[in-house]
Amino acid sequence: MATTHETGSIVLLTRLARLVYRRSTEDLLGIRLKQLAALAYLRDHEAASQQALMQAFCLDANRCVLLLNELEEAGLAERRRDAGDRRRHLVALTPAGRQALERAERAQESIEDDVLAALGPDDRAALRDLLSRALEQPVEP
């Protein structure tokens, strides 16, 4: 008796992510893909803590600081002390960061159109919703 195996969702997501990563060049986006992801997170979460960024992107403290240093040096984000807890830093987009993000997201649309060409608008909306829901509960590394 033969068994049928289908490729799992995680493998398919990994393959899709690699396609997107390969096409998301700094020349096209104007920033690196990890910077785009961080800026989008900051926009969507307003002033996020460094801890929240670390958890959202499964980064260790050192890599998070390096990423934030890059964003600050480029004038795309700024860190400031949390007025409610002076031990904590909050990270926010700068106006230049918002502009860079908007430019990168416009460029990313062409990649999305290529990679998801087989999906119609309703399927794309459903995919985005499912991925967003899957990411609502971060999993510890």
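Counted the way my numbering counts, the sequence shown spans residues 41 to 181.
Heads up, the beta-carbon is just placed ideally off N, CA and C, and yes, glycines get one too.
Under the three-state DSSP convention, the category residue i falls into
{"i": "S49", "result": "helix"}
{"i": "V112", "result": "The displayed chain sequence assigns Glu, not Val, to residue 112. In this structure, E112 counts as helix in the three-state DSSP scheme."}
{"i": "T44", "result": "coil"}
{"i": "D100", "result": "coil"}
{"i": "R63", "result": "helix"}
{"i": "R72", "result": "coil"}
Residue closest to residue i, alpha-carbon to alpha-carbon, out of the options
{"i": "E145", "options": "G48, L116, L56, I71", "result": "I71"}
{"i": "L111", "options": "A132, D122, D153", "result": "A132"}
{"i": "A114", "options": "P135, H85, R121, A96", "result": "P135"}
{"i": "L99", "options": "E118, K74, R83", "result": "K74"}
{"i": "L116", "options": "G124, D122, L107, L59", "result": "L107"}
{"i": "F97", "options": "A166, A78, L69", "result": "A78"}
{"i": "R168", "options": "T47, E46, L53", "result": "L53"}
{"i": "G29", "options": "L82, D162, G48", "result": "Residue 29 lies beyond the range of the chain shown here (41 to 181); nothing can be said about it."}
In DSSP terms, what residue i is bridged to
{"i": "S89", "result": "L130"}
{"i": "E118", "result": "A132"}
query: Unbroken beta strand (DSSP E) runs of length 3 or more, entirely within the segment 122-181: which are they?
result: Here the runs fully enclosed are 125-133.
message: Below 8 Å, how does it come out for the segment 87-96 and the segment 113-133: are there three or more Cβ pairs, yes or no?
response: Under the Cβ criterion (8 Å, minimum of three pairs), the segment 87-96 counts as touching the segment 113-133.
message: Would you call the segment 61-75 in contact with the segment 148-157, where contact means no fewer than 3 C-beta pairs closer than 8 Å?
response: In short, these stretches touch, since the Cβ pair count reaches three.
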